[in-house]
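Letter by letter, the sequence shown follows residues 542 to 851 of this note's numbering. Cβ atoms here follow ideal geometry from the backbone N, Cα and C, with glycine treated the same way. Small disclaimer: the values here were computed from a predicted structure and weren't measured. Each remark here refers to the structure printed beneath this line.
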Amino acid sequence: MIVSIIIDDGSKESREAMALVVVSEAKQKYGNSVDTILNWLIGQPCTSDKSEMPDFILRGSSGVIGVEHFEVSANSVVEFGKWQSPLARASNVLHSFKNGKADLNDVEKEIDRLIKTDEKISYASSVRAFESIFNKHLSKVKTYRKRLSDFGGERLVFLIEMLAWNFVGLTALGNTSFDCNMTEVPLTKEIVDIVSSTDDLDAVVLLYNFYPFHESTVFAFTPQQARGNAVGIEIYEFVGNSELVENNLAKIMNTQANQNENILSDVNRQTIMADCTNAFELISAGKSCIVQTNFYDFLVGNGIVNDKRR
């Protein structure tokens with residue numbers, strides 16, 4: 542295991558090292574091959590070069606493994622043509638502040654920016670961020686593998702930290718139902734489908750990292766397992782593919798529906814109601830899906846479905 546930098550001081554190097562530590566110590570681990578894949582991540586570094594691509598080349602009982610680590614914040618936003626993470630920016634400025642390279646105004650500015658961004662995130666925008674950042678790293682696979690081969694390695698793993706993916710306003714429904722928060726997060730079809738699109742990786746490890754306040758959740762699987770529906774755990778599909786649903790569902794579900802007539806256009810209303818119908822059909826059929834919590838509460842409150850949340 543990485544022993545040279547295990548103190549989480551907010552720097553990029555320490556966050557990468559801590560990701561390996563947290564993955565190995567996580568109590569909630571899921572997937573048919575999770576133990577095998579996570580065992581690949583245990584080893585000693587073959588090099589200390591900080592400009593390494595991939596981030597880690599580890600030699601352990603499973604041979605030489607390349608690990609590319611990156612973060613995807615659910616609240617990522619597009620700035621200057623590429624996705625930026627307000628969480629990462631806040632972490633970086635805090636690190637700079639601790640080292641005397643930033644002042645309190647810088648910290649307050651980034652924290653305020655983070656709070657304002659959180660008010661705008663949606664599941665749909667988060668998935669777009671994941672796909673863009675995932676594909677960006679995927680485009681560098683040849684470089685990763687060439688460097689990996691210099692040390693006699695073949696297997697390449699993406700270790701992806703899923704930051705702020707605790708969608709408090711969403712509820713996951715299936716064999717078990719729960720509100721999506723820091724204690725329970727679902728593996729979603731949209732993310733699995735993105736991973737399944739490549740044969741250039743040997744495995745993907747998704748680390749929903751709530752360290753140090755809550756237990757982290759880890760999913761590990763191969764792209765082939767993703768394509769063959771053989772991940773080994775329940776996969777939830779988000780219902781309502783437009784952000785319109787997330788932004789306006791509370792209004793359309795208002796008991797005084799006539800008040801919404803001047804708020805939503807006919808087109809918007811039709812779109813929202815169509816998505817609500819789709820959600821109801823999936824729930825009635827016992828299919829696994831994610832819906833807005835207030836929509837689920839609406840169905841429960843009107844006796845349409847029984848509340849199965851634990």
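When the distance is taken between beta carbons, is residue j closer than 7 Å to residue i?
i           : j           : result
residue 779 : residue 731 : yes
residue 728 : residue 708 : no
residue 837 : residue 717 : no
residue 614 : residue 705 : yes
residue 567 : residue 757 : yes
residue 831 : residue 777 : yes
residue 605 : residue 693 : yes
residue 624 : residue 565 : no
residue 596 : residue 682 : no
Just the C-alpha distance for residue i and residue j, rounded to the nearest angstrom, thanks.
i           : j           : result
residue 641 : residue 649 : 15 Å
residue 782 : residue 665 : Residue confidence is low: residue 782 scores 49 on pLDDT, short of 50, so the model does not pin down where it sits. No coordinate-derived value is stated.
residue 548 : residue 559 : Below a pLDDT of 50, predicted positions are generally treated as unreliable, and residue 548, at 46, falls in that range; the measurement from the model is reported next regardless. The straight-line gap from Cα to Cα measures roughly 7 Å.
residue 841 : residue 662 : 26 Å
residue 725 : residue 829 : 15 Å
residue 585 : residue 601 : 6 Å
residue 691 : residue 700 : 21 Å
residue 635 : residue 576 : 35 Å
residue 684 : residue 587 : 17 Å
residue 796 : residue 611 : The predicted position of residue 796 is uncertain, since its pLDDT is 44 and thus under 50; no value can be drawn from it.
residue 844 : residue 721 : 22 Å
residue 849 : residue 833 : 15 Å
residue 755 : residue 675 : 25 Å
residue 638 : residue 644 : 6 Å
residue 599 : residue 561 : 11 Å
residue 669 : residue 770 : 22 Å
residue 555 : residue 626 : 18 Å
residue 654 : residue 735 : 29 Å
residue 825 : residue 570 : 29 Å
residue 671 : residue 621 : 17 Å
residue 817 : residue 667 : 21 Å
residue 703 : residue 733 : 13 Å
residue 557 : residue 819 : 40 Å
residue 677 : residue 846 : 42 Å
residue 619 : residue 773 : 34 Å
residue 695 : residue 739 : 16 Å
residue 633 : residue 827 : 44 Å
residue 723 : residue 594 : 32 Å
Can you tell me whether DSSP reads residue i as helix, strand or coil?
i           : result
residue 511 : A question about residue 511 goes unanswered here, because the residues of the chain that appear run from 542 up to 851.
residue 801 : Low confidence applies to residue 801: its pLDDT is 48, below 50, so where it sits in the model is not reliable, and the reading given next is rough at best. In this structure, residue 801 counts as helix in the three-state DSSP scheme.
residue 703 : strand
residue 615 : coil
residue 548 : Because the pLDDT at residue 548 is just 46, under 50, the model does not fix this residue reliably, and the value given afterwards should be weighed accordingly. In this structure, residue 548 counts as coil in the three-state DSSP scheme.
residue 872 : Residue 872 falls outside the range modelled here, since the chain spans only 542 to 851, and no answer is possible.
residue 894 : There is no way to answer for residue 894, as the model of the chain reaches only from 542 to 851.
residue 623 : strand
residue 714 : strand
residue 849 : coil
residue 605 : strand
residue 692 : coil
residue 587 : coil
residue 582 : coil
residue 597 : strand
residue 852 : Any property of residue 852 remains undetermined from this structure, which presents the chain solely from 542 to 851.
residue 709 : coil
residue 687 : helix
residue 570 : strand
residue 841 : helix
Report, in whole angstroms, the separation of the C-beta atoms of residue i and residue j, which I expect to be a contact under 8 Å.
i           : j           : result
residue 765 : residue 573 : Rounded, the Cβ-Cβ distance is 11 Å, inconsistent with contact.
residue 697 : residue 689 : 6 Å
residue 580 : residue 617 : About 31 Å separates the two Cβ atoms, so there is no contact after all.
residue 737 : residue 686 : With 8 Å as the limit, residue 737 and residue 686 do not qualify as a contact, their Cβ atoms being about 20 Å apart.
residue 651 : residue 715 : Not quite, the Cβ-Cβ distance comes to about 37 Å (not below 8 Å), so this is no contact.
residue 851 : residue 751 : Incorrect: roughly 19 Å between the Cβ atoms, too far for contact.
residue 583 : residue 746 : Not really, about 12 Å apart at Cβ, beyond 8 Å.
Quick one: is residue i near chain B, going by C-beta distance under 7 Å?
i           : result
residue 780 : Among the chains in the structure shown there is no chain B, since it carries only a single protein chain.
Could you give the uninterrupted runs of the alpha helix (DSSP H) lying entirely in the stretch 719-777, keeping only those of 4 residues or more?
Those alpha helix (DSSP H) runs which fall completely within the stretch 719-777 and span 4+ residues are 730-737 and 764-768.
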